[in-house]
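First up is the structure itself, then whatever we jot down about it.
Numbering (my numbering), first residue to last: 34 to 200.
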């Protein structure tokens with residue numbers, strides 16, 4: 034009667050153990066890679082949805098919308114809206130693209146005027162940077178219906194078109 038494994042049986046069992054270990058490692062590594070890719074896509078989706086949510090709330094509750102171009106052919110969008118994230122009495126919302134390509138949302142008590150920026154204005158306003166590296170930002174008004182707009186945002190990682198209907 035045999036009481037121990039032979040050398041050949043031991044080598045075979047160790048080989049099978051290493052083959053199974055390699056397959057398991059590869060399986061877990063692939064799972065980790067796919068989870069990271071999935072997480073990046075989900076985060077990108079949530080960032081896009083957050084941005085859409087802000088715009089929808091501002092534009093749906095807007096009583097006045099004005100679009101103007103500055104000297105560098107970038108649009109400045111001004112709204113008077115009931116939507117407020119910081120102070121319910123600050124109903125002047127301004128969206129603009131800064132010189133360093135940041136999409137900025139200014140919530141203020143008074144209308145933002147380029148020539149009239151004082152210390153008091155900055156004390157009575159909230160300035161939020163919504164996104165960085167924005168190449169283009171435009172609000173296009175429909176020629177058929179005065180209440181329909183298309184918001185176009187282009188960045189290196191994102192090309193977003195948001196249809197908006199103002200009531």
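Yeah, the Cβ is synthetic: ideal placement off N, Cα and C, and Gly gets one too.
Nearest-angstrom Cα separation, counted from residue j out to residue i
i	j	result
residue 81	residue 56	38 Å
residue 70	residue 59	17 Å
residue 95	residue 75	30 Å
residue 109	residue 180	18 Å
residue 86	residue 176	25 Å
residue 37	residue 52	23 Å
residue 146	residue 134	20 Å
residue 45	residue 54	14 Å
residue 106	residue 68	42 Å
residue 174	residue 112	14 Å
residue 119	residue 66	39 Å
residue 200	residue 93	Because residue 200 carries a pLDDT of 46, less than 50, the predicted location of this residue cannot be relied on, and the following value inherits that uncertainty. Approximately 6 Å, taken between the alpha carbons.
residue 153	residue 144	13 Å
residue 77	residue 171	21 Å
residue 102	residue 169	13 Å
residue 42	residue 48	10 Å
residue 88	residue 73	23 Å
Which of helix, strand or coil DSSP assigns to residue i
i	result
residue 92	helix
residue 127	strand
residue 112	strand
residue 103	coil
residue 200	A caution first: residue 200 carries a pLDDT of 46, below 50, which makes its placement in the model too unreliable to give a value.
residue 117	coil
residue 39	coil
Assumed close pair residue i, residue j - CB separation to whole angstroms, cut-off 8 Å
i	j	result
residue 126	residue 114	5 Å
residue 131	residue 157	In fact, because the Cβ distance is near 20 Å, the residues do not count as touching under 8 Å.
residue 136	residue 167	5 Å
residue 123	residue 138	That pair is no contact at about 11 Å.
residue 63	residue 91	Contact flag wrong, Cβ pair sits at about 43 Å.
Enclosing beta strand (DSSP E) for residue i [first to last residue]
i	result
residue 164	158-164
residue 139	136-141
residue 188	181-188
residue 133	Residue 133 -> no beta strand (DSSP E), and no H or E assigned at all.
residue 144	Premise fails: residue 144 is in no beta strand (DSSP E) and is neither H nor E.
residue 172	167-174
Test: residue i CB closer than 8 Å to a CB of chain D
i	result
residue 109	The structure shown contains no chain D, having only a single protein chain.
Handout entry: At least 3 beta-carbon pairs within less than 8 Å: the stretch 174-191 vs the stretch 152-162
Key = no
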